[in-house]
Structures are given as C-alpha cells and as structure tokens.
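A.B. asks:
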Amino acid sequence: MFREAPHFDVRDYLRKEMMPHFLCPGCGHGMALRALLWALHELKIDRDKLAVVSGIGCAGRLSAYIDANTFHTTHGRPLAYATGLALARPDLHVVVITGDGDCLAIGGNHLIHACRRNLKLTCLMLNNEIYGMTGGQVSPTTSETRLTTTTPHGNTEPNFDACALAIAAGAGFVGREVTRHVPKMKELIKHGLQHPGFAFIEVLSDCTEVYGRKNDMGSSSEMVMRQKSEMRPSAYRDSVDEPFRSTDLPTGVLARNARPEYGAALRAAAAARAAK
Amino acid sequence: MNEQSNIAASTREPVAFNAALAEPFNVLIVGVGGQGVIMVSKVLASLAQAHGFEVKQSEVHGMAKRGGTVFSHVRFGPKVWSPTIAKGEADVLIALEWAEGLRWLPHLRRDTGVFICDTKRIVPPFACRSRRPGAPMRYSTETAEQVSAYVSEAYAIDATRMAEELGNDRAANVVLLGALSTVLEFSLPEWERTVTSFVPKKTIAVNTAAFELGRNWIAEAKTAPPSDMPARSAPTQTNYTPRLEITDAWCKSCEICVKLCPEHCLELDADRIAKLVAPEKCTGCRLCEWLCPDFAIRVHLDAEQPALEAAR
Ligand SMILES: Cc1ncc(C[n+]2csc(CCOP(=O)(O)OP(=O)(O)O)c2C)c(N)n1
Ligand code: SF4
Ligand SMILES: [Mg+2]
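Chains as they are written, first to last, in the working numbering: chain A, 1 to 276; chain B, 277 to 588.
#1: Alpha helix (DSSP H) containing LYS186 of chain A: first to last residue?
#2: Could you confirm whether any beta carbon from chain B is found closer than 9 Å to the beta carbon of LEU36 of chain A?
#3: According to DSSP, is HIS576 of chain B part of a helix, a strand, or is it coil?
#4: Go through the stretch 342 to 392 of chain B residue by residue and report every complete run of the alpha helix (DSSP H) that reaches 4 residues or more, in order.
#5: Could you check if GLY101 of chain A belongs to the surroundings of ligand 5, using beta carbon to heavy atom distance under 8 Å?
#6: Output, in chain order, the set of chain B residues within a Cβ distance shorter than 7 Å of CYS27 of chain A.
#7: Is THR148 of chain A near ligand 2, judged by its Cβ being under 8 Å from some heavy atom?
#8: Looking at the structure shown, is PHE244 of chain A part of a helix, part of a strand, or coil, going by DSSP?
#9: How about TYR163 of chain A: is its C-beta nearer than 9 Å to some C-beta of chain B?
#10: Any chance the CB of ASP130 of chain A is under 8 Å from a heavy atom of ligand 3?
#11: Just grab the DSSP bridge partners of ARG519 of chain B for me.
#12: Which term fits ASP524 of chain B, buried or exposed, when burial requires 16 or more other beta carbons within 10 angstroms of its beta carbon?
#13: Are the C-beta of ALA420 of chain B and some C-beta of chain A separated by less than 9 Å?
#14: How far does the alpha helix (DSSP H) with SER334 of chain B in it extend, from its first residue to its last?
#15: What residue range is occupied by the uninterrupted alpha helix (DSSP H) comprising ILE480 of chain B?
#16: Looking only at DSSP bridge pairs, what is ILE305 of chain B linked to?
#17: Might you give, ordered along the chain, the residues of its own chain that have their beta carbon closer than 6 Å to the beta carbon of MET217 of chain A, omitting 5 neighbours on each side?
#18: From the beta carbon of HIS7 of chain A, is the nearest beta carbon of chain B less than 9 Å away?
#19: In angstroms with no decimal places, state the Cα-to-Cα distance between SER428 of chain B and THR388 of chain B.
#20: Should ALA90 of chain A and GLY212 of chain A be called a contact, given that it needs their Cβ atoms to be closer than 9 Å?
#21: Report the neighbours of HIS21 of chain A on chain B: residues whose CB is nearer than 9 Å to its CB, in chain order.
#22: DSSP three-state label for ALA255 of chain A, please.
#23: Determine the contact status of ILE573 of chain B and GLU521 of chain B, defining contact as a CB-CB distance below 9 Å.
#24: Identify the contact partners of VAL224 of chain A in chain B, using a Cβ-Cβ distance below 9 Å as the criterion.
#25: If distances are taken between C-alpha atoms only, which option among B:ALA579, B:ASP578, B:ASP570 comes closest to VAL10 of chain A?
#26: Got a sec: is the Cβ-Cβ distance from CYS125 of chain A to anything in chain B below 9 Å?
#27: Quick check: is any heavy atom of ligand 2 less than 8 Å from the C-beta of ASP216 of chain A?
#28: Can you give the Cα-Cα distance for CYS445 of chain B and PHE71 of chain A, rounded to whole angstroms?
#29: What's the gap between the Cα of GLU330 of chain B and the Cα of PRO382 of chain B?
#30: Candidates A:ARG15, A:ALA35, A:PRO25, A:LEU23: which alpha carbon is nearest TRP566 of chain B's?
#31: If you run the structure through DSSP and keep just helix, strand and coil, what is CYS558 of chain B?
#32: Can you tell which of B:LYS528, B:SER473, B:ALA439 has the C-alpha that lies nearest to the C-alpha of ALA485 of chain B?
#33: For the alpha helix (DSSP H) containing GLU565 of chain B, name the first residue and the last one.
#34: Can you tell me whether ARG176 of chain A is helix, strand or coil according to DSSP?
#35: Using a Cβ-Cβ cut-off of less than 9 Å, list which residues of the stretch 423 to 454 of chain B approach chain A; keep chain order.
#36: Can you find a C-beta in chain B that's less than 9 Å from the C-beta of VAL182 of chain A?
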C-alpha cells in the first residue's frame with residue numbers, strides 16, 4: 001500500500017532566477033542544502049520568520065540560493081552577525097551556514113564563544129576538509145597525509161574533531177551526518193532547529209572538484225559511495241569498504257543538554273533591572 | 277476485496293466457561309513483529325490466571341524485528357498439560373494481520389471456532405516480486421467470502437484503521453482485545469483492569485477507547501445483518517507510475533544519479549544530461565532526487581486511476 005503526502009519539492013524554496021547554482025558537479029554542499037530546506041519545510045517554519053546567515057566560501061555561498069531572509073556576511077563571522085540578529089530579533093529562526101575553514105579557522109573563536117553562550121541558533125557546518133572556494137588550501141579538518149595546495153607533500157597537522165570541540169565548549173545540541181543519508185541529515189537538522197539553545201551540526205560533505213581530484217578519490221559518485229566507510233554510523237563499521245576519512249567519526253545526535261539559553265537569560269536580567 | 281464487516285456472524289452468547297471448564301480453552305494469537313501479539317497474549321494469560329485458571333502460554337517471535345511471523349498459544353483451564361495448541365483445536369484465533377490469520381486457519385476448530393482478524397495487510401518482503409509500487413505480489417488473494425466457508429464464526433475487522441482514527445495505530449491490538457472480550461466470559465471490569473495494567477500510562481485513554489471500539493464493533497456485527505453494516509472500505513492498493521522530471525539546464529553531469537540508482541535506470545545522454553532510460557524499472561524510490569546536488573531531478577508518483585473509479 002502506498003500512502004504518501006505530496007513529497008517536499010525543494011524548488012519551492014529556491015531563488016530560481018539564481019539557478020543553476022555555482023557549485024561544481026557532484027559537490028556535496030547541494031545535498032546538505034536540500035536537507036536543510038527539507039527540515040525547514042517539515043517544521044513549517046514561516047519563511048518570513050527565517051533568517052539564514054552565512055560566511056564566505058562555497059558553503060557560505062548557499063544562502064544566496066534560499067528564498068527567505070538571507071545575509072551573506074564576511075569570512076569567519078557569520079556566527080557573530082547571527083548572534084546580534086538573534087538577540088535583537090528573538091522572534092526569528094536564525095540559521096547559520098558555514099564551512100570548515102569559515103567556522104574553524106578564521107571563525108574558530110566565534111564558534112567556541114557561540115557554544116559557550118548557548119544562544120538559540122542553528123549552525124550548519126559543511127565540512128569538506130578543505131578551503132574549496134579558494135582552490136584547495138589545507139583546513140583545520142584536513143585529514144593527515146592529504147594533499148592540498150598548501151600541503152603538497154601531504155598534510156602533517158593533526159585535525160580538529162569539530163563536534164568534540166563544540167561539545168567541550170558547551171553547545172546545547174551537537175550532531176553529525178554524511179550527505180549520502182539525506183533523510184537522516186534532514187531529521188538531524190530538524191532536531192537541531194527545535195533545540196532551545198545553540199545547535200551545532202556538522203555535515204561531512206564532499207569537495208569533488210578540488211579535494212577529490214587532488215587526492216585521487218575518483219568520481220563524485222565514488223566519493224558518495226565511500227562515505228559508507230569510516231565515517232559511517234557505528235552499525236555499519238564492520239562491513240568491508242574502502243576507507244575515506246582517516247578518523248572513525250560517529251554520526252547522529254552526539255550531545256544534547258539543557259543549559260540555560262543565553263537570549264532568554266539576557267532579557268530576564270534586563271527586565272529585572274528595568275523593574276528596579 | 278470487500279470485507280468491511282462480519283463474514284459469518286452468529287447470535288451465540290459468549291463462550292461459556294467457569295472453573296469447572298473440563299477441557300482447556302485454547303486461544304491462538306498471530307501477527308507479525310511489532311504489532312503487539314505478545315501483549316495480547318499476556319493480557320489474556322494474566323486475566324485467566326486471576327480468574328483462578330491454570331494457564332500455559334508459549335510464543336515464537338524469531339524474526340519478529342524484521343516483520344517476521346509471531347504467534348502465541350494461550351491455553352487455560354483447571355488443568356493444562358501441553359503449552360501448545362494442536363491443529364484444529366483452537367477455540368479462538370485472533371490475527372493482527374490478514375495473511376497471518378489465513379496461514380493459521382487450520383488450527384481453528386472447524387465446527388465451533390471463532391476467527392477474529394484485522395484486515396491490516398503487511399506484505400512480507402519475499403512476497404514482493406518487484407520493487408515497483410503496485411507490482412503484482414505473492415500475497416494471499418482469498419476474499420473474506422471464501423474464508424467464511426471455512427469457519428463457523430468469523431469477523432474481519434479494520435482494527436488498525438480504527439486505532440489510527442483514535443490517533444495511535446499501535447492500539448490496534450487492543451481493538452482486537454475488545455473484540456475478543458465479547459467471546460470470552462470474563463467480566464468487563466476484569467478486562468479493563470488487566471488491559472490498563474499492560475499499556476503505558478500515557479496511552480491508557482486511547483487504549484480504553486480502542487478496547488470499547490472493538491467490543492462494540494462485534495456487538496454491532498452480531499445484531500446487524502452484514503449488508504447493513506457501516507461500510508468501512510477495505511484497504512486499497514493504488515498503482516503508481518513513477519515519472520522523472522529532469523531540469524536539463526541544472527544538470528551538471530556528475531553522474532551520481534546514474535551510479536547510485538539501485539535499479540540502474542538512468543544514463544547520461546549524448547549531451548551528458550541525466551535521462552531515465554528504463555522507466556519500467558524505476559520504483560520511484562527518490563534516491564536520485566535526494567542525492568542530486570543540483571536539484572535537477574524531481575520524482576513524481578502519478579496515481580493510476582483505479583479501474584472501478586474510472587468506470588464511474
Ligand atoms: C578575511 C578573508 N580572508 C580570506 C578570504 C579568502 N577565502 C574565501 S573562502 C575561504 C575558505 C573557505 O573555506 P570553507 O569555509 O571550508 O568553505 P568551502 O569553500 O570549503 O565550502 C577563504 C580563505 C576571505 N574571503 N576573507
Ligand atoms: S570547489 Fe569544492 S566545495 Fe567548492 S563547489 Fe567545487 S566541489 Fe564544492
Ligand atoms: Mg571547506
């Protein structure tokens with residue numbers, strides 16, 4: 001038996017005049033964008049009450065394609081802009097789209113302080129282990145031994161586990177998913193959007209044209225297939241597959257806590273002062 | 277299949293039994309994993325036990341988590357030896373799934389057995405010949421009328437639909453318990469107390485309502501002749517034809533859809549644009565739609581007009 005409501009049509013949420021988008025063929029960021037829009041659709045979030053703030057990079061560019069209030073800010077600073085916006089307009093759903101370079105390198109400080117404050121925001125970090133937009137420089141998440149334009153003999157720096165970092169810094173909600181699992185990614189983003197504090201979601205995305213090509217990872221489809229490998233959920237870990245990421249990363253909801261939300265605390269303190 | 281009502285109702289009183297019941301009373305409960313077969317049997321077993329009967333219950337739930345068959349034998353009486361019910365000796369057969377009910381029919385007493393079956397159909401994977409929606413399957417094709425020739429008293433009840441309408445399809449097994457309560461001579465307060473003690477606290481209200489629905493439905497079926505029964509339409513299966521809408525201008529030839537389609541029905545054409553080349557193999561699973569990073573594929577599931585409605 002087939003009983004189904006009309007399926008979500010991503011095109012309803014796109015600025016069609018901007019399409020086709022500028023991402024390279026097979027770039028994982030497109031799948032992540034679909035999952036975000038699907039989650040917003042399923043939660044029936046009013047587009048007039050939605051603000052998408054993004055930084056600079058291929059990931060940061062995504063806000064331009066969303067038919068809602070969007071704010072393309074400066075490199076590394078989307079969380080700072082979003083913090084101001086969410087404090088001034090607590091009625092808005094503020095979503096940040098950022099990349100691994102944007103969020104962890106130039107914007108690393110903003111991330112840890114956003115986690116520490118636990119202001120209600122949803123931060124979607126698309127981790128492709130590289131500075132995609134600028135042609136493939138090493139990023140804080142690049143796996144060891146990987147080739148980039150700035151590590152021509154293979155990366156020797158240890159990399160960040162962004163989720164562990166966010167958890168340690170106090171984020172209210174932390175989760176991770178791969179782009180191959182679009183419906184699961186959507187569900188995870190929904191949990192994040194509903195969390196009454198700072199939600200950090202890492203999406204393991206593929207930079208096919210720069211990172212994939214430089215490291216000989218095969219075609220886009222092969223890269224998507226390899227996601228089943230070491231970064232897959234623990235349940236699949238034993239199946240034989242070619243490894244892709246050098247670390248064994250768990251996916252799903254990784255942390256969820258009920259720390260006080262910063263915006264509400266700030267408003268309550270202000271109200272108490274005003275009442276004196 | 278039209279099976280909205282009782283197949284062969286009787287005006288017989290509930291099966292009379294008391295502590296002097298000479299032979300054990302046999303109830304066979306069947307279904308598939310996750311439907312709550314074991315819960316039904318636990319309610320019945322604890323009820324009979326509280327009533328002073330000796331009870332034996334045995335169950336098999338081997339592949340339950342994979343939607344496999346689950347059955348539970350409950351026998352009660354002054355003295356029960358064997359924990360299982362022999363073929364042809366079940367006094368009542370309760371089925372939470374249509375085909376499972378039919379599978380176990382030979383266990384029911386031909387002359388006096390009562391058959392209560394949910395019309396819910398759960399098609400097992402091995403009955404699917406093709407992943408295409410609406411494809412023919414090896415699922416039982418017996419109609420309720422055919423079944424009625426084999427049993428003395430039988431009810432095909434839309435328990436799952438009734439539970440869904442109450443807002444919790446998991447209460448379907450309690451609808452069937454309500455139906456079962458009309459055939460066994462335990463008092464209503466005894467039933468309600470036991471059912472309540474077996475369901476999660478938060479769902480007591482919905483389960484109480486479900487129990488009453490099942491109980492009243494049988495009472496109604498017994499008095500009203502089948503033709504007067506409120507018509508609850510049988511679950512229908514609509515055939516869908518998957519259709520792909522591909523926005524050529526957005527396709528960047530990444531080939532993810534071509535390589536990841538489980539049915540291998542896409543290819544790049546001469547202009548390196550994704551094309552559905554084997555529409556007959558497409559199942560409408562939407563994987564290509566979800567994985568296309570360029571939003572170039574949209575899967576439509578066009579419903580085929582059921583022949584009956586088209587004729588109208
Ligand atoms: C202040 C500043 N410094 C550097 C740059 C150059 N720049 C643009 S995008 C980018 C890196 C983006 O990497 P990431 O955030 O991982 O995004 P991706 O392109 O991989 O999605 C850099 C360094 C800039 N635009 N502004
Ligand atoms: S450079 Fe990499 S991250 Fe940027 S669009 Fe191309 S594939 Fe995607
Ligand atoms: Mg990057």
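Built from N, CA and C at the ideal position, the CB exists for glycine as well.
C.D. replies: Considering the structure as presented:
#1: 182 to 194 is the extent of the alpha helix (DSSP H) around LYS186 of chain A.
#2: Using a CB distance cut-off of 9 Å, LEU36 of chain A does not count as an interface residue toward chain B.
#3: The answer is strand: DSSP assigns HIS576 of chain B an E or B state.
#4: Within the stretch 342 to 392 of chain B, the complete alpha helix (DSSP H) runs of at least 4 residues fall at 374 to 380.
#5: Because ligand 5 does not appear in the structure shown, any question about it cannot be addressed here, the ligands present being ligand 1, ligand 2 and ligand 3.
#6: The contacting residues are PRO569.
#7: No - ligand 2 has no heavy atom lying nearer than 8 Å to the Cβ of THR148 of chain A.
#8: Note on PHE244 of chain A: pLDDT 46, under 50, position unreliable in the model; the coordinate value appears next. Of the three classes helix, strand and coil, the one that applies to PHE244 of chain A here is coil, per DSSP.
#9: According to the sequence provided, residue 163 of chain A is Cys. The question's Tyr does not apply to it. No, no contact with chain B.
#10: Per the sequence shown, the amino acid found at residue 130 of chain A is Ile instead of Asp. ILE130 of chain A: yes, Cβ under 8 Å from ligand 3.
#11: DSSP output for ARG519 of chain B lists B:HIS576 as bridge partner(s).
#12: When all chains shown are included, ASP524 of chain B counts as exposed.
#13: Output row for ALA420 of chain B: interface = no.
#14: If you look at SER334 of chain B, you'll find it isn't in any alpha helix (DSSP H); it sits in the beta strand (DSSP E) that goes 330 to 336.
#15: Residues 480 to 499.
#16: B:SER348, B:ILE370.
#17: Cβ within range, chain order: MET223.
#18: HIS7 of chain A counts as touching chain B.
#19: Taking the straight line joining both Cα atoms gives about 6 Å.
#20: The sequence given here places Pro at residue 90 of chain A; Ala does not occur at that position. At least 9 Å separates the beta-carbon of PRO90 of chain A from that of GLY212 of chain A.
#21: Ordered by position in chain B, the residues that pass the 9 Å Cβ test against HIS21 of chain A are TRP526, PRO569, ASP570, PHE571.
#22: Strand.
#23: Closer than 9 Å, so yes.
#24: Here the neighbours are ILE532, LYS535, LEU536, LEU567.
#25: For the residues B:ALA579, B:ASP578, B:ASP570, the minimum Cα distance to VAL10 of chain A belongs to B:ASP570.
#26: Strictly speaking, residue 125 of chain A in this sequence is Met, with Cys absent from that position. Answer no: the Cβ-Cβ gap between MET125 of chain A and chain B never drops below 9 Å.
#27: Taken from the Cβ of ASP216 of chain A, every heavy atom of ligand 2 lies 8 Å or farther away.
#28: Note that residue 445 of chain B corresponds to Asp in the displayed sequence, not to Cys. Spanning the two alpha carbons is a distance of roughly 44 Å.
#29: In a straight line, the C-alpha of GLU330 of chain B is about 25 Å away from that of PRO382 of chain B.
#30: Comparing Cα positions, the closest option is A:ALA35.
#31: In the displayed model, CYS558 of chain B falls within coil according to three-state DSSP, outside both helix and strand.
#32: In terms of CA proximity to ALA485 of chain B, B:ALA439 leads the group B:LYS528, B:SER473, B:ALA439.
#33: Following the DSSP letters along the chain, one finds GLU565 of chain B inside the alpha helix (DSSP H) bounded by residues 563 to 567.
#34: In the displayed model, ARG176 of chain A falls within a strand according to three-state DSSP.
#35: Hits within the stretch: zero.
#36: Output row for VAL182 of chain A: interface = yes.
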